[in-house]
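Peer 1: Quick one: the structure is below, and I'll ask about it shortly.
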Amino acid sequence: MTEPALFSVIILLAASHYASLQGNPGDMRINLLSLRYEAVSSINRSLDAQRPESTYDALIGAIAKMASYEAMFGSLENYDIHMQGLAKAISLRGGLTSLGLNGLLHRIVVWIDQNAAFLHGSSIYFPMDTSASGETPSDPNPGQFLGRS
Ligand SMILES: *[C@@H]1O[C@H](CO)[C@@H](O)[C@H](O)[C@H]1NC(C)=O
């Protein structure tokens, strides 16, 4: 709630899920496009406002959720753009294991990566190093991904 970019992306996702449950989602298309524009603009503004290596969890979460939005409702091309930005931001932060929230954000990023790759037959951005973490990733679950992400 304190990061405008993350808030905008969550509103976009909620509105998109809502629209997809309506009989005639075409009516909401213009509103969804302006929410999408606002989400990307606010991510841009937040990125402009800080040094890249200090990119904080809420902004990384916003970029990850924006990628998942594109995987679910948008285009693979835009998904790739957000995932490339996400990979860059996470690498500047010091890698997946340096993300906060006790590993939750790390798991959210891997979950989005694996499910989007599974759904679209596209490549993985964050290959799991299972030898190091000792954690086995959960299998992709498109039903859960599309319903809850
Ligand atoms: C956000 O920034 C990217 C990269 O600079 C740019 O290509 C894009 O047009 C910007 N989008 C908005 C909505 O500001």
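Residues -21 to -1, 1 to 128 in mature numbering (1 follows the signal peptide of the UniProt record, and there is no 0) are what the sequence shown spells out, letter by letter.
Ideal Cβ positions, reconstructed from N, Cα and C, are used throughout, including at glycine.
At what residues does the alpha helix (DSSP H) containing D36 begin and finish?
Peer 2: The residue given as residue 36 occupies position 57 in the sequence shown. Run containing D36: 36 to 52, per the alpha helix (DSSP H) assignment.
Peer 1: What separation, rounded to the nearest whole angstrom, lies between the Cα atoms of Q93 and L75?
Peer 2: Mapped onto the sequence shown, residue 93 falls at position 114. Mapped onto the sequence shown, residue 75 falls at position 96. Whole-angstrom Cα-Cα distance: 14 Å.
Peer 1: So, do the stretch 18 to 28 and the stretch 70 to 87 have three or more beta carbon pairs nearer to each other than 8 Å?
Peer 2: In short, these stretches do not touch, since the Cβ pair count stays below three.
Peer 1: When burial is assigned at 16 or more other CB atoms within 10 Å of the CB, is A43 buried or exposed?
Peer 2: As a first step, residue 43 must be located in the sequence shown, where it is residue number 64. Label assigned to A43: buried.
Peer 1: Pull up the distance between the alpha-carbon of M45 and that of A95, whole angstroms please.
Peer 2: Walking along the sequence shown from the start, residue 45 turns up at place 66. Walking along the sequence shown from the start, residue 95 turns up at place 116. About 12 Å.
Peer 1: So, with DSSP's three-state summary, where would you put E(-19)?
Peer 2: Along the sequence shown, read from residue 1 onward, the residue named residue -19 stands at position 3. Reduced to three states, the DSSP call for E(-19) is coil.
Peer 1: What is the DSSP secondary structure of D6, reduced to helix, strand or coil?
Peer 2: Counting from 1 along the sequence shown, the entry for residue 6 is found at position 27. D6 falls in the helix class under three-state DSSP.
Peer 1: Figure out for me which residue from G64, A28, S54 has the closest Cα to the Cα of I39.
Peer 2: Position 60 of the sequence shown, counted from the start, is the residue given in the question as residue 39. If we check each option's Cα against that of I39, G64 comes out closest.
Peer 1: Specify the secondary structure class of R30 as computed by DSSP and reduced to three states.
Peer 2: One-based indexing of the sequence shown puts residue 30 at position 51. In the structure shown, R30 sits in coil (DSSP, three-state: anything other than H, G, I, E or B).
Peer 1: With the cut-off set at 7 Å, would you say L(-16) and A41 are in Cβ contact?
Peer 2: The residue given as residue -16 occupies position 6 in the sequence shown. The residue given as residue 41 occupies position 62 in the sequence shown. Taking 7 Å as the Cβ cut-off, L(-16) and A41 qualify as a contacting pair.
Peer 1: Quick one: grab the DSSP three-state call for L(-9).
Peer 2: If you number the sequence shown from 1, residue -9 lands on position 13. The answer is helix: DSSP assigns L(-9) an H, G or I state.
Peer 1: Between which residues of its own chain and Y48 is the CB-CB distance below 8 Å, once the five residues before and five after are set aside?
Peer 2: For the purposes of this step, residue 48 is identified with residue 69 of the sequence shown, where counting begins at 1. Here the set comprises V(-13), L(-10), L(-9), S(-6), R15, A18.
Peer 1: Which residues have their C-beta within less than 6 Å of a heavy atom of ligand 1, listed in chain order?
Peer 2: Qualifying residues, in the order they occur: Y16, V19, S20, N23.
Peer 1: How big is the Cα-Cα spacing for D118 and F124?
Peer 2: Indexing the sequence shown from 1 puts residue 118 at position 139. Indexing the sequence shown from 1 puts residue 124 at position 145. Each residue's Cα considered, the two are about 11 Å apart.
Peer 1: Around the C-beta of Y(-4), are 16 or more other C-beta atoms found within 10 angstroms, so that it is buried, or is it exposed?
Peer 2: Here residue -4 refers to the residue found at position 18 of the sequence shown. Exposed, since its Cβ has fewer than 16 Cβ neighbours within 10 Å.
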